[in-house]
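Remarks on the structure that follows.
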Amino acid sequence: MGMFGGFGRAVLSGIALLSILFSTVSAQAMSYADGEDLYRRGFYAEAHDVWLALAEAGDRDAQYRLGALFHDGVTVAQDYEKAAFWYKKAADAGNYHAQFDLATLYDMGAGVRQDLGQAAYWYRRAAAQGAPAGQYNMAVMLEDGVGVDRDYPDSYFWYDQALRRDFFDIRGSSRERVSAKMTMAEILSTQRRSRNWQPVRE
Numbered sequence: 001m002g003m004f005g006g007f008g009r010a011v012l013s014g015i016a017l018l019s020i021l022f023s024t025v026s027a028q029a030m031s032y033a034d035g036e037d038l039y040r041r042g043f044y045a046e047a048h049d050v051w052l053a054l055a056e057a058g059d060r061d062a063q064y065r066l067g068a069l070f071h072d073g074v075t076v077a078q079d080y081e082k083a084a085f086w087y088k089k090a091a092d093a094g095n096y097h098a099q100f101d102l103a104t105l106y107d108m109g110a111g112v113r114q115d116l117g118q119a120a121y122w123y124r125r126a127a128a129q130g131a132p133a134g135q136y137n138m139a140v141m142l143e144d145g146v147g148v149d150r151d152y153p154d155s156y157f158w159y160d161q162a163l164r165r166d167f168f169d170i171r172g173s174s175r176e177r178v179s180a181k182m183t184m185a186e187i188l189s190t191q192r193r194s195r196n197w198q199p200v201r202e
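Residue numbers (the working numbering): 1 to 202.
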C-alpha cells in the first residue's frame, strides 16, 4: 500500500458521499448556508444549483451570490448582464452588497447601459445601510458632482462615515480636502450629523 493510499480513498469516499447526498436532496430543500458550505469546500457547481433554486424562490442573499458568480465567472461563463439581473433583484430586496455591486456596474457600463445617476442611487442605498465602500464612492460622486449635484457637506459626511469604518482613503485626505471648500458652520453642522448618524438596514 502506498503512503497515501488510505488517505486517498478517504478523500474519494468523502466526495462520493457528498455527491450522493446532493443527488438525493433537492437543491430547493437546501439552505443558503448549505450553498455557502458547498462553495467553501470547492463544490462550485453544486453551490450554484442551490443558490439558483433559492434565488428563483426570492431569497435575496442567494440572488446576490448568484449575481456574484456571473460577475466573477465562477462555475459559469462571466456574464455582466446576468450579474446585473440578479444583483438588481437582490438590491431591490435590500441586500446592500448587491446594491453596491449593481452601482459599480452602472458606474462602468458593464452589463447595463452606463448611468451615473443610477450608480449614485445604488451607492447611496448601500451607504445608508453602512457599507463603507458605498459611503466612500457616494462621497466621491458628491464631491465631483458626477451623477448627482455637487454637495460638499454631504460629501464630507459620507467620507467621514467611511473613515469611521476604517475604509482606506484611496484619494488621500478626502475629508480634509472637501472641508476646505466648506464654511465653518457647514463643517460643525456636518460633524454633528455624522456623530449622531446610524445606518439603517433594509
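Glycine included, every Cβ here is placed at the ideal spot set by N, Cα and C.
Own chain partners of residue i with C-beta closer than 6 Å, once the 5 adjacent residues on each side are dropped
{"i": "N137", "result": "Y123"}
{"i": "E143", "result": "S155 and V178"}
Through-space distance from residue j to residue i, alpha-carbon basis
{"i": "D79", "j": "R113", "result": "14 Å"}
{"i": "D61", "j": "M184", "result": "43 Å"}
{"i": "L102", "j": "D72", "result": "13 Å"}
{"i": "P199", "j": "P132", "result": "11 Å"}
{"i": "K89", "j": "R195", "result": "33 Å"}
{"i": "G134", "j": "A91", "result": "13 Å"}
{"i": "S31", "j": "A68", "result": "18 Å"}
Terminal residues of the alpha helix (DSSP H) in which residue i lies
{"i": "N95", "result": "Careful: N95 lies outside any alpha helix (DSSP H) and carries neither H nor E."}
{"i": "D166", "result": "First-last for D166: undefined, no H or E at that position."}
{"i": "F70", "result": "R60 to D72"}
{"i": "Q135", "result": "P132 to D144"}
{"i": "Q118", "result": "L116 to A128"}
{"i": "G42", "result": "Per DSSP, G42 belongs to no alpha helix (DSSP H) and is neither H nor E."}
{"i": "E186", "result": "M184 to N196"}
With 16 other Cβ atoms within 10 Å as the buried cut-off, status of residue i
{"i": "A33", "result": "exposed"}
{"i": "G109", "result": "exposed"}
{"i": "S179", "result": "buried"}
Residue-level contact to chain D via CB, residue i, 9 Å cutoff
{"i": "Y159", "result": "Here chain D cannot be found, since the structure has a single protein chain."}
Chain-order list of residues whose beta-carbon lies under 7 Å from that of residue i (same chain, five-residue window excluded)
{"i": "G94", "result": "R60 and E202"}
May I ask you to verify whether the segment 178 to 192 touches the segment 70 to 88, counting CB pairs closer than 8 Å and requiring at least 3?
Contact between the segment 178 to 192 and the segment 70 to 88 is absent, because fewer than three Cβ pairs lie under 8 Å.
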